[in-house]
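Residues in the sequence shown are numbered consecutively from 1, following my numbering.
Contents: one structure, followed by commentary.
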Amino acid sequence: MARERTFADKFFLFLKGLSMGAANKVPGVSGGMVSFVLGFYEEMIYSFKKINFKAFKLLFNGRFKSFYYYTNAPFLVLVFSGSMFSYFSVSLVLDYLIDNYELYVWSTFFGMIIGSIYYISKDFNDWNTKNTVSMITGAIIGISISFMSPAKENDNLWFVFFCGIIGVSGMTLPGLSGSFILILMGNYVLLLVDSVAMLFKTLTEIFTGDFSFMDSQERINYLKIIGTFTLGSAFGLVTTSHILGWVLKRWHQIVTAVIIGFITGSLGIVWPWKKEIYKIVDNQIMLDSNGDKIIQNFERYFPNFYTLETWIAILFVFVGITLILVLDKFGKERKEYIDE
């Protein structure tokens, strides 16, 4: 059993959830990587694993307190309240920074991923042939994903549900960005921009006693979409966590090697020096020459070392690396809360 958390523990766990939620919204950055580096990844996986038949039996029998502690709900509530809060706070700041200081933001993320690779690898000393091949395989898959082209938007509810299952992978698989996967599936703007904006607007209206949104078919459709996406995400979290919990227990070293490879492969997605071909402008997707909806497509190139901007960006790469090293030195307890 884990020790009782102090108020400070709970506060910092909330902040860690805040960081994970902000990372989940940024294409190319993995919330799972954040949870891995901040030391609560395995507790999160094993907590989701406790959402099983026994948990539902406790719930249906009215044993709410037993259900609460069996599922490690105090931990889950803190992490996901932080994640939800970040969507309407930290992630909005990130949106502003990406719009106005894009090169420096991506440079910082690039540095943080480099630091994360070092952070995870330094304690991994079992580089036998099997684990090395696993790492290379993870890197190849990560690189391959970064060069895939996005699909068209699809608001079919069954597809939206599937997007929820796949998109939540960024929380359960370090190095794999759920937001970037949604871009590839064509539904990033629909699910994480338009639908979230409509949900926020609707909640604001309800809070002020305005229920006129019920007469708007467009608004109802958006609420159906965000509701379906949420259900798909919840289903994906529980199912993938059960699979990962089982895999981690049996092949922990191999899984860690694959994760290191995934994170290394994701460097291509957050490469700071990339030229936009088309992008989102004021939440509207620019169209290509065929009128197809495309989002965040880039050409990568090498920096011009004769400009001050490039050297400032390189400085931010080192800032990102330093942030991870500071976490390693000063704040972190990497404990496993695994209840066999």
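For every residue, glycine included, the Cβ atom is placed at its ideal position computed from N, Cα and C.
(message) If I measure Cβ to Cβ from residue 397 and keep anything under 6 Å in the same chain, skipping five residues before and after, which residues do I get?
(response) Only positions 1 to 340 of the chain appear in this structure, which leaves residue 397 out of reach.
(message) Does residue 25 pass the burial test, meaning 16 or more other C-beta atoms within 10 Å, or should it be called exposed?
(response) Translated into positions along the sequence shown, residue 25 becomes position 25. Looking at its Cβ environment, which holds 16 or more other Cβ atoms inside 10 Å, residue 25 is buried.
(request) Compute the beta-carbon to beta-carbon distance between residue 356 and residue 302, rounded to the nearest angstrom, for a pair I have assumed lies under 8 Å. (result) Here the chain comprises residues numbered 1 to 340, so residue 356 is not present and cannot be evaluated.
(message) Which residue wins for smallest C-alpha separation from residue 194, given the options 174, 218 and 206?
(response) Taking the first residue of the sequence shown as 1, we reach residue 194 at position 194. Checking every option, the nearest Cα to that of residue 194 belongs to 218.
(request) Examine the Cβ distances between the region 219-228 and the region 30-42 and report whether three or more of them are shorter than 8 Å. (result) no
(message) Let's test the definition: count the other Cβ atoms within 10 Å of the Cβ of residue 211 and tell me whether it reaches 16, buried, or not, exposed.
(response) Translated into positions along the sequence shown, residue 211 becomes position 211. Result: exposed.
(request) Use the C-beta contact count for residue 112: other C-beta atoms within 10 angstroms, 16 or more gives buried, fewer gives exposed. (result) For the purposes of this step, residue 112 is taken as residue 112 along the sequence shown, with counting starting at 1. So residue 112 ends up on the buried side.
(message) Between which two residues does the alpha helix (DSSP H) holding residue 74 run?
(response) Taking the first residue of the sequence shown as position 1, residue 74 is located at position 74. That run of the alpha helix (DSSP H) goes 73-87.
(request) Could you tell me the distance, in whole angstroms, from the CA atom of residue 60 to the CA atom of residue 99? (result) Residue numbering aside, residue 60 sits at position 60 when the sequence shown is read from its first letter. Residue numbering aside, residue 99 sits at position 99 when the sequence shown is read from its first letter. Using only the alpha carbons, I get a separation of about 48 Å.
(request) Could you check the C-alpha separation between residue 312 and residue 104 for me, to the nearest Å? (result) Taking the sequence shown and counting its residues from 1, the one referred to as residue 312 is at position 312. Taking the sequence shown and counting its residues from 1, the one referred to as residue 104 is at position 104. If I take the Cα positions, the gap works out to 8 Å.
(message) Beta-carbon within less than 8 Å of residue 54's beta-carbon, same chain only, minus the 5 sequence neighbours each way: which residues are those?
(response) On the sequence shown, residue 54 is found 54 positions in, with the first residue counted as 1. Counting only Cβ-Cβ distances below 8 Å, and skipping sequence neighbours, we find 70.
(request) Using a threshold of 8 Å, state whether the C-beta atoms of residue 82 and residue 7 are closer than that. (result) Residue 82 sits at position 82 when you count from the first residue of the sequence shown. Residue 7 sits at position 7 when you count from the first residue of the sequence shown. Contact: no.
(message) Are the CB atoms of residue 320 and residue 174 within a distance shorter than 8 Å?
(response) In the sequence shown, residue 174 corresponds to position 174, counting from 1. In the sequence shown, residue 320 corresponds to position 320, counting from 1. No, Cβ-Cβ distance for residue 174 and residue 320 is not below 8 Å.
(message) What does the Cβ neighbour count give for residue 49, buried or exposed, with the cut at 16 atoms within 10 Å?
(response) Residue 49 sits at position 49 when you count from the first residue of the sequence shown. Looking at its Cβ environment, which holds 16 or more other Cβ atoms inside 10 Å, residue 49 is buried.
(message) Rounded to whole angstroms, what is the Cα-Cα separation between residue 205 and residue 51?
(response) Position 205 of the sequence shown holds residue 205. Position 51 of the sequence shown holds residue 51. Each residue's Cα considered, the two are about 34 Å apart.
(request) If I'm right that residue 129 touches residue 258 with Cβ under 8 Å, what's the distance once you round it to whole angstroms? (result) Within the sequence shown, the letter at position 129 stands for residue 129. Within the sequence shown, the letter at position 258 stands for residue 258. Wrong, their Cβ atoms sit about 15 Å apart, outside the cutoff.
(request) Going by CA-CA distance only, name the one from 164, 115 and 201 that's closest to residue 183. (result) Sequence index remark: in the sequence shown, residue 183 carries index 183 (1-based). The residue with the shortest Cα to Cα distance from residue 183 is 164.
(request) Would you decide whether residue 262 is buried or exposed? Buried here means 16 or more other CB atoms lie within 10 Å of its CB. (result) Start at 1 with the first residue of the sequence shown, and residue 262 comes out as number 262. Looking at its Cβ environment, which holds 16 or more other Cβ atoms inside 10 Å, residue 262 is buried.
(request) Measure the C-alpha to C-alpha separation of residue 167 and residue 160 and round it to an integer number of angstroms. (result) Here the question's residue 167 lines up with position 167 in the sequence shown. Here the question's residue 160 lines up with position 160 in the sequence shown. Approximately 10 Å between the Cα atoms of the pair.
(request) Would you mind sorting residue 119 into buried or exposed? The rule is 16 or more other CB atoms within 10 Å of its CB. (result) In the sequence shown, counting from the first residue as 1, residue 119 sits at position 119. It is buried - the Cβ of residue 119 has at least 16 other Cβ atoms within 10 Å.
(message) Give me the residue from 266, 188 and 34 with the minimum Cα distance to residue 145.
(response) Start at 1 with the first residue of the sequence shown, and residue 145 comes out as number 145. Checked all of 266, 188 and 34; the closest Cα to residue 145 is 266.
(message) Please classify residue 44 as buried or exposed, where buried requires at least 16 neighbouring CB atoms within 10 angstroms.
(response) Within the sequence shown, the letter at position 44 stands for residue 44. It is buried - the Cβ of residue 44 has at least 16 other Cβ atoms within 10 Å.
(message) Considering only their Cβ atoms, is the gap separating residue 134 from residue 254 smaller than 8 Å?
(response) As a working note, residue 254 is residue 254 in the sequence shown. As a working note, residue 134 is residue 134 in the sequence shown. Cβ distance < 8 Å, so residue 254 and residue 134 count as in contact.
(request) Specify the secondary structure class of residue 344 as computed by DSSP and reduced to three states. (result) In this structure the chain extends from 1 to 340, so residue 344 is not present and cannot be described.
(request) Report all residues from its chain with a CB closer than 8 Å to the CB of residue 305; omit the five preceding and five following residues, and keep chain order. (result) Walking along the sequence shown from the start, residue 305 turns up at place 305. Result list for residue 305: 311, in chain order.
(request) Report, in whole angstroms, the separation of the C-beta atoms of residue 260 and residue 124, which I expect to be a contact under 8 Å. (result) For the purposes of this step, residue 260 is taken as residue 260 along the sequence shown, with counting starting at 1. For the purposes of this step, residue 124 is taken as residue 124 along the sequence shown, with counting starting at 1. So it is a contact: roughly 7 Å between Cβ atoms.
(request) Output yes or no for whether 8 Å exceeds the beta carbon distance between residue 115 and residue 264. (result) As a working mapping, residue 115 is identified with position 115 in the sequence shown. As a working mapping, residue 264 is identified with position 264 in the sequence shown. No, Cβ-Cβ distance for residue 115 and residue 264 is not below 8 Å.
(message) Less than 8 Å between the C-beta atoms of residue 316 and residue 107, yes or no?
(response) Sequence index remark: in the sequence shown, residue 316 carries index 316 (1-based). Sequence index remark: in the sequence shown, residue 107 carries index 107 (1-based). Yes, the Cβ-Cβ distance between residue 316 and residue 107 is below 8 Å.
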